[in-house]
Ligand code: GUN
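In the numbering used here, the protein residues as written are 80 to 370.
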């Protein structure tokens, strides 16, 4: 069993980006600049955004964090987005999800200039990705593709089962892996909460992408020997033995599944760090493109 080490791979990618950034700087070109809008004080969101800002510092990007209170109006948020849309200094920005309930997420995502939409959530980018046109690919699926590619996992003709149909992970993953591209050309099944006989389907899979958000859902008896496992889940589970009061659990029961898997991502240290590295990559692409 080989660990698909997202921590190490993301460090490699960040080092590659840092080299490109110093080259841009030495040529007198623009330094990439990523901005993030965080509404409210959700613990996990604050952690993720903090990690994104820290990663910017590491690679030599400029970063701007806009923190807005939980009761921020939709109008005010849309106004902040418009300011970033037209600010030539900003190469890309994200609005951290989830948003407070009184704000319409779709409306917000659609307000982002697609040329600065480094999360790849705008319908223009989703459509362009689906049609094999150049686009921003959402960071988590982009990170998984990169991980599969760098570990030379054979995906061509492979049976891939994606569990979960979210707009951020499951749906784009199913599209990317079916496309004619590196880490693509797979035969993809997308399973979800209404799927019948899930274990029968997952047992046929050469590669399983678990992205449903239920801790330790996928167990050893649901997979075949030699399977490759990508665990996208990251849920805070109460744990009184931990100082912070919780532990991070993936969607995969690592203990039983790792005994049968040939490759598996750990949680933490698998997909999570890759997401941040690919967000930086999208920002670098946007900066070089000159939006
Ligand atoms: N919340 C969880 N994942 C993501 C992500 O990739 N981007 C944004 N903006 N919010 C998220």
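All C-beta atoms, glycine included, are put in the ideal place defined by N, C-alpha and C.
Would you kindly check if the distance between the Cβ of residue 288 and the Cβ of residue 316 is under 8 Å?
no
Distance CB(residue 311)-CB(residue 248) smaller than 8 Å:
yes
Might you give, ordered along the chain, the residues of its own chain that have their beta carbon closer than 6 Å to the beta carbon of residue 304, omitting 5 neighbours on each side?
339
Identity of the residue in 350, 172 and 156 nearest residue 227 by Cα
350
Which residues have their C-beta within less than 6 Å of a heavy atom of ligand 1, listed in chain order?
173, 174, 175, 176, 198, 218, 219, 247 and 354
Sufficient close CB pairs (3 or more, under 8 Å) joining the segment 270-279 to the segment 320-332
no
From residue 179 to residue 106, what does the alpha carbon distance come to, in whole angstroms?
43 Å
Exposed unless 16 or more other CB atoms sit within 10 angstroms - verdict on residue 224:
buried
Cβ-Cβ separation, residue 115 to residue 128 (assumed contact under 8 Å), whole Å:
5 Å
Between residue 284 and the rest of its own chain, which residues show a CB-CB distance below 8 Å, the 5 nearest in sequence each way excluded?
238, 239, 240, 268, 302, 303 and 306
For residue 149, which three-state DSSP category applies?
coil
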